[in-house]
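**Q**
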Amino acid sequence: MAETKNKKKTSVGDKDKGIGSDKVDKASQANGHVDIPESLDFDRSIETYQSGDYTHEDIGLSEDQVLAMYRDMLLQRRFEERAAQMYGRQKIAGFLHLYIGQEAVSTGSVGAIKVGHDSVITAYRDHGLGLALGMTPNECMAELFGKVDGSSRGKGGSMHYFKKELNFYGGHGIVGGHIAVGVGIAFAHKYKEDGGCCLTFFGDGAVGQGSFHEAANLASLYELPAVLIIENNQYAMGTATHRAFAQPDFYRYGVSYNMQSSVANGMDVFTVLKAVSDHAKLAREGRPSLLEIRTYRYRGHSMSDPANYRTKDELDQKKEEDPIILLKSYILEHEMSTNDDLDAVDEEVKKEVLDAVEFSEKSDPPPIESIYEDVYEQRDYPFLTDGMARGKRE
Amino acid sequence: MAELQLREALRTAMVEEMERDDTVFLIGEEVAEYNGAYKVSEGMLEMFGAKRVIDTPISESGFSGLGVGAALAGLRPIVEFMTFNFSFVAFDQLVNNAAKIRYMSGGQFGVPIVFRGPNGAAGQLAATHNSSVESLYSVFPGLKVVAPSNPDDAKGLLKSSIRDNDPVIFLESELMYGMKGEVSEDDDYLIPIGKARVAREGDDVTIVAHQKSYWLAMQAADALADDGYNAEVIDPRTIRPLDLETIQTSVKKTNRLVVVDESNPFASFSSEVTYQIQESVFDYLDSPIIRVTAKDVPAPYAKNLVDYYMPRTEDIVAAAKRVMYV
Numbered sequence: 001m002a003e004t005k006n007k008k009k010t011s012v013g014d015k016d017k018g019i020g021s022d023k024v025d026k027a028s029q030a031n032g033h034v035d036i037p038e039s040l041d042f043d044r045s046i047e048t049y050q051s052g053d054y055t056h057e058d059i060g061l062s063e064d065q066v067l068a069m070y071r072d073m074l075l076q077r078r079f080e081e082r083a084a085q086m087y088g089r090q091k092i093a094g095f096l097h098l099y100i101g102q103e104a105v106s107t108g109s110v111g112a113i114k115v116g117h118d119s120v121i122t123a124y125r126d127h128g129l130g131l132a133l134g135m136t137p138n139e140c141m142a143e144l145f146g147k148v149d150g151s152s153r154g155k156g157g158s159m160h161y162f163k164k165e166l167n168f169y170g171g172h173g174i175v176g177g178h179i180a181v182g183v184g185i186a187f188a189h190k191y192k193e194d195g196g197c198c199l200t201f202f203g204d205g206a207v208g209q210g211s212f213h214e215a216a217n218l219a220s221l222y223e224l225p226a227v228l229i230i231e232n233n234q235y236a237m238g239t240a241t242h243r244a245f246a247q248p249d250f251y252r253y254g255v256s257y258n259m260q261s262s263v264a265n266g267m268d269v270f271t272v273l274k275a276v277s278d279h280a281k282l283a284r285e286g287r288p289s290l291l292e293i294r295t296y297r298y299r300g301h302s303m304s305d306p307a308n309y310r311t312k313d314e315l316d317q318k319k320e321e322d323p324i325i326l327l328k329s330y331i332l333e334h335e336m337s338t339n340d341d342l343d344a345v346d347e348e349v350k351k352e353v354l355d356a357v358e359f360s361e362k363s364d365p366p367p368i369e370s371i372y373e374d375v376y377e378q379r380d381y382p383f384l385t386d387g388m389a390r391g392k393r394e
Numbered sequence: 395m396a397e398l399q400l401r402e403a404l405r406t407a408m409v410e411e412m413e414r415d416d417t418v419f420l421i422g423e424e425v426a427e428y429n430g431a432y433k434v435s436e437g438m439l440e441m442f443g444a445k446r447v448i449d450t451p452i453s454e455s456g457f458s459g460l461g462v463g464a465a466l467a468g469l470r471p472i473v474e475f476m477t478f479n480f481s482f483v484a485f486d487q488l489v490n491n492a493a494k495i496r497y498m499s500g501g502q503f504g505v506p507i508v509f510r511g512p513n514g515a516a517g518q519l520a521a522t523h524n525s526s527v528e529s530l531y532s533v534f535p536g537l538k539v540v541a542p543s544n545p546d547d548a549k550g551l552l553k554s555s556i557r558d559n560d561p562v563i564f565l566e567s568e569l570m571y572g573m574k575g576e577v578s579e580d581d582d583y584l585i586p587i588g589k590a591r592v593a594r595e596g597d598d599v600t601i602v603a604h605q606k607s608y609w610l611a612m613q614a615a616d617a618l619a620d621d622g623y624n625a626e627v628i629d630p631r632t633i634r635p636l637d638l639e640t641i642q643t644s645v646k647k648t649n650r651l652v653v654v655d656e657s658n659p660f661a662s663f664s665s666e667v668t669y670q671i672q673e674s675v676f677d678y679l680d681s682p683i684i685r686v687t688a689k690d691v692p693a694p695y696a697k698n699l700v701d702y703y704m705p706r707t708e709d710i711v712a713a714a715k716r717v718m719y720v
């Protein structure tokens with residue numbers, strides 16, 4: 001990484017945090033004096049991670065692992081294509097935000113951490129990460145169908161995938177609202193001294209929310225094992241980043257919070273894995289950081305969005321960088337597999353997704369009485385049933 | 395029993411729970427080195443160190459969200475708001491993340507967290523520093539809302555709130571922190587959330603009042619007694635879940651109800667109690683339920699306007715006499 005100097009280790013809430021830090025101007029420490037330095041230099045080096053810069057060997061992947069990643073990305077793609085079709089058939093309701101085009105980010109990131117030990121939290125475009133972490137297509141599809149066998153028993157839907165065993169903390173629907181929650185999960189890793197870190201994913205749009213800035217400050221102030229990952233897919237709903245941000249080079253925001261910042265190409269799964277590994281390593285050393293991953297979503301913001309705000313040329317050009325095609329070419333070039341075998345993988349994945357659809361069709365809707373479950377742990381909570389007071393009517 | 399100020403009772407509850415359970419920690423503005431804006435956490439930094447008593451920047455959304463994340467990951471945060479007026483910039487964290495993650499995750503994750511701090515009017519602070527938030531947070535299923543009126547209840551209820559596996563909004567009061575009272579010294583002293591207290595028994599009229607309003611209601615009951623009327627005073631102690639049964643039992647005896655609540659009146663706690671009682675024990679009522687609340691305006695600054703804005707003892711006496719038709 002560009003910056004490797006060690007900072008003084010401090011505990012959470014340490015009153016002396018920052019004093020003597022190599023990253024803070026002495027003049028900015030409260031000491032009763034007003035003191036402006038003669039000159040100020042804001043140059044900071046930003047690490048960049050380019051597409052094609054890493055072979056699978058560079059990042060310690062076996063051929064089997066590469067093939068597994070290919071399958072993993074393809075599963076996300078086929079799952080969502082089928083979900084879109086089921087949405088059209090009104091099997092799925094509500095909002096459905098597709099991740100298609102961004103699969104290298106989920107698969108590369110998950111490949112960089114210890115699943116079940118480290119933690120992950122994301123926003124509402126969550127199918128890709130959920131599947132990459134190991135949620136089953138069955139529980140994911142059934143949740144979209146609003147069935148009792150869904151991961152949240154039909155209470156969360158598309159935007160709210162959670163899986164406790166995988167330390168997957170959701171699936172959150174309010175833009176930016178979960179970033180501080182991710183920082184709190186990192187806080188718990190540090191508090192418990194379990195050596196884990198938390199990857200907090202959010203979109204470019206979330207950078208405009210105050211909650212991002214508060215969370216970034218807290219993560220850095222308390223030196224939490226947090227990696228803040230801006231998944232920059234270039235559009236916040238229909239608003240291109242340059243139309244929403246005076247400073248659309250998002251990696252720069254980390255500098256404001258004294259964090260190591262990097263920017264990575266999110267279309268190459270090896271690049272993502274390398275970048276996230278480096279940042280996770282920093283996190284484990286008590287150095288929170290910011291990683292901007294530049295990617296692209298091929299679909300509209302949600303199913304109702306025809307994406308008229310971008311041109312067909314732009315879309316076609318981006319499709320040439322398709323992360324799955326990119327990895328497929330790599331696999332064939334390195335003779336890890338054959339076209340026929342990769343086609344067979346595709347068939348297998350498609351079958352798995354169709355099975356998930358069938359599973360979801362057959363699964364029951366959640367029982368009506370479950371509507372009062374999971375609000376509180378308390379079993380006999382006195383809800384106002386049917387809008388009426390629970391007490392005896394006389 | 396020991397005589398403690400309300401702030402000391404709250405501190406005792408936190409200290410005992412932090413000694414009992416390593417996962418409990420306190421976080422908020424000025425809670426550590428400054429010893430608490432209202433000295434509730436005085437001395438706790440020295441006792442538990444900076445790992446567990448944590449100062450924050452002025453960043454309510456950030457540290458409330460941090461608390462929710464820590465709670466999801468197995469800790470039991472106590473998040474102090476310097477006042478609940480400042481919780482409004484953290485609203486999303488309380489009403490979406492704390493309140494709803496158990497539900498949206500299908501019960502996989504709980505959020506055992508306490509948000510505590512002063513609520514309601516505190517003198518001539520003008521409109522932004524005088525909000526009563528009980529009805530606001532009670533709207534959201536998933537939250538519990540607790541509002542004690544005395545040091546002993548404060549200790550027993552705060553300990554229960556810290557041990558509760560769901561998020562609790564715990565409401566205190568700047569004007570009550572110095573109030574003294576006898577407090578249990580039992581370090582397992584738990585008052586169940588959702589149980590009202592019949593503070594004074596009487597047959598003629600029921601008065602429901604919590605926090606500061608409770609003390610006005612007790613004064614009003616004294617004044618009514620001087621005139622020969624016995625008021626029954628009920629302190630709900632918990633806003634959500636509401637102990638409706640205790641109020642119903644009383645109303646069935648007195649047939650008359652006054653609800654005192656220093657919140658603004660529209661869509662408030664007093665509206666809810668009034669609705670639930672008329673709906674459930676209508677036939678026992680001998681007169682319309684009357685509320686005594688703050689005026690339906692933002693809190694003013696000038697002393698005479700503040701005095702007029704707040705519920706007063708004489709308003710409660712007058713309301714009680716109205717429902718008794720005397």
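Residue numbers (this note's numbering), protein chains in the order written: chain A, 1 to 394; chain B, 395 to 720. All residues carry an ideal CB built from backbone N, CA and C; glycine is no exception.
Between which two residues does the alpha helix (DSSP H) containing A:S119 stretch?
**A** Segment 119-121 is the beta strand (DSSP E) holding A:S119; no alpha helix (DSSP H) there.
**Q** Classify A:F168 as helix, strand or coil using the three-state DSSP reduction.
**A** In the structure shown, A:F168 sits in a strand (DSSP, three-state: E or B).
**Q** Assuming the contact rule is C-beta atoms closer than 8 Å, A:D374 and A:K164 should be a hit. Round their C-beta distance to whole Å, please.
**A** The Cβ separation is near 13 Å, so there is no contact.
**Q** Can you say whether A:N339 is buried or exposed, counting buried as having 16 or more other CB atoms within 10 angstroms of its CB?
**A** By the 10 Å Cβ count, A:N339 comes out exposed.
**Q** Taking A:A180 and B:G459 to be in contact with their CB atoms under 8 Å, please state how far apart those CB atoms are, rounded to whole angstroms.
**A** With a Cβ gap of about 2 Å, A:A180 and B:G459 count as contacting.
**Q** Put B:I671 into one of helix, strand or coil per three-state DSSP.
**A** B:I671: helix per DSSP, three-state reduction.
**Q** Taking Cβ-Cβ distances below 8 Å as the criterion, which residues of the stretch 494-505 of chain B are in contact with chain A?
**A** Correct list: I495, R496, Y497, M498, S499, G500, G501, Q502, F503, G504.
**Q** Got a sec? Which residues, its chain only, sit under 7 Å from B:E461 by beta carbon, not counting five neighbours each side?
**A** Residue identity check: residue 461 of chain B is Gly in the sequence provided, not Glu. I421, P471, V473, I507, listed in sequence order.
**Q** How would you label A:N258, buried or exposed, when you count the other beta carbons within 10 angstroms and need 16 or more for buried?
**A** Buried: at least 16 other Cβ atoms inside 10 Å.
**Q** Within 10 Å of its beta-carbon, does B:F663 have 16 or more other beta-carbons around it, so buried, or fewer, so exposed?
**A** Looking at its Cβ environment, which holds 16 or more other Cβ atoms inside 10 Å, B:F663 is buried.
**Q** Between the C-alpha atoms of B:V430 and A:A246, what's the straight-line distance to the nearest angstrom?
**A** Reading off the sequence shown, one finds Gly at residue 430 of chain B, where the question assumed Val. In a straight line, the C-alpha of B:G430 is about 39 Å away from that of A:A246.
**Q** Do we get a CB-CB distance below 8 Å when we pair A:N138 with the residues of chain B?
**A** It does not; no Cβ of chain B falls within 8 Å.
**Q** On the DSSP letters alone, give me the boundaries of the alpha helix (DSSP H) that B:E528 sits inside.
**A** First-last of the alpha helix (DSSP H) with B:E528: 528-532.
**Q** Sort B:L569, B:N544, B:L466 by Cα distance to B:N604 and report the nearest one.
**A** The sequence as given places His at residue 604 of chain B; Asn does not occur at that position. Nearest of B:L569, B:N544, B:L466 to B:H604, Cα basis: B:N544.
**Q** Considering just the uninterrupted stretch of the alpha helix (DSSP H) at B:S607, what are its terminal residues?
**A** That run of the alpha helix (DSSP H) goes 605-620.
**Q** Taking only the alpha-carbon atoms, compute the straight-line gap between A:V148 and A:P365 and give it to the nearest angstrom.
**A** Rounded to whole angstroms, A:V148 to A:P365 spans 5 Å at the Cα level.
**Q** Tell me, to the nearest whole angstrom, how far the beta carbon of B:Q642 is from that of B:S674; I am working on the premise that it is less than 8 Å.
**A** Contact holds; Cβ gap of about 6 Å.
**Q** Taking the C-alpha atoms as reference points, what is the distance between A:E47 and A:Y191?
**A** One C-alpha to the other measures close to 29 Å.
**Q** Whole angstroms are fine: how far does the CA of A:G208 sit from the CA of A:S21?
**A** Annotation note: pLDDT 44 at A:S21 (below 50); position unreliable, coordinate value reported separately. Near 28 Å, if we compare the C-alpha coordinates of A:G208 and A:S21.
**Q** Determine, using beta carbons only, whether B:G437 comes closer than 8 Å to chain A.
**A** No - not a single Cβ of chain A is within 8 Å of the one on B:G437.
**Q** So with CB distances below 7 Å, who are the chain B contacts of A:L290?
**A** In chain order: nothing, as chain B lies at least about 15 Å away.
**Q** Given 8 Å as the limit, is there contact between the stretch 258-274 of chain A and the stretch 47-58 of chain A, that is, 3 or more CB pairs closer than that?
**A** Touching, yes.
**Q** Between B:E410 and B:K553, which are expected to be in contact by the criterion C-beta below 8 Å, what is the C-beta distance as a whole number of angstroms?
**A** That belief holds up - the Cβ atoms of B:E410 and B:K553 are roughly 7 Å apart, short of 8 Å.
**Q** By alpha-carbon positions, which one of A:F168, A:H56, A:H213 ends up nearest to B:G456?
**A** Closest option to B:G456, Cα to Cα, is A:H213.
**Q** Whole angstroms are fine: how far does the CA of A:A83 sit from the CA of A:R402?
**A** As displayed, chain A neither begins before 1 nor continues past 394, which places residue 402 of chain A out of reach and without an answer.
**Q** Would the beta-carbon of B:S578 fall within 8 Å of that of B:F564?
**A** No.
**Q** By the criterion of Cβ-Cβ separation under 9 Å, what are the contact partners of A:S277 in chain B?
**A** Residues of chain B passing the Cβ test: none, with the nearest at roughly 22 Å.
**Q** Could you give the DSSP three-state label for A:E63: helix, strand or coil?
**A** Note: A:E63 maps to helix in three-state DSSP.
**Q** Between the stretch 530-544 of chain B and the stretch 441-453 of chain B, are three or more C-beta pairs nearer than 8 Å?
**A** The stretch 530-544 of chain B is not in contact with the stretch 441-453 of chain B.
**Q** Starting from A:K235, follow its DSSP beta bridges and name the residues at the other end.
**A** Checking the sequence, you will find Tyr at residue 235 of chain A rather than Lys. Paired residue(s): A:A240.
**Q** Between which two residues does the beta strand (DSSP E) holding B:K574 run?
**A** Start and end: 574-577.
**Q** What would DSSP say about B:P682, mapped onto helix, strand or coil?
**A** The answer is coil: DSSP assigns B:P682 none of H, G, I, E or B.
**Q** Counting Cβ pairs closer than 8 Å, one from the stretch 516-526 of chain B and one from the stretch 485-503 of chain B, do we hit at least three?
**A** With a cut-off of 8 Å, the stretch 485-503 of chain B and the stretch 516-526 of chain B do not count as touching, because too few Cβ pairs lie within range.
**Q** Does the beta carbon of A:A215 come closer than 8 Å to any beta carbon on chain B?
**A** By this cut-off, A:A215 is an interface position.
**Q** Apart from the five residues on each side of it in sequence, which residues of its chain come closer than 6 Å, Cβ to Cβ, to A:A215?
**A** Excluding sequence neighbours, A:A215 sits near I179, A180, V183.
**Q** Helix, strand or coil for B:A396, going by three-state DSSP, please let me know.
**A** In this structure, B:A396 counts as strand in the three-state DSSP scheme.
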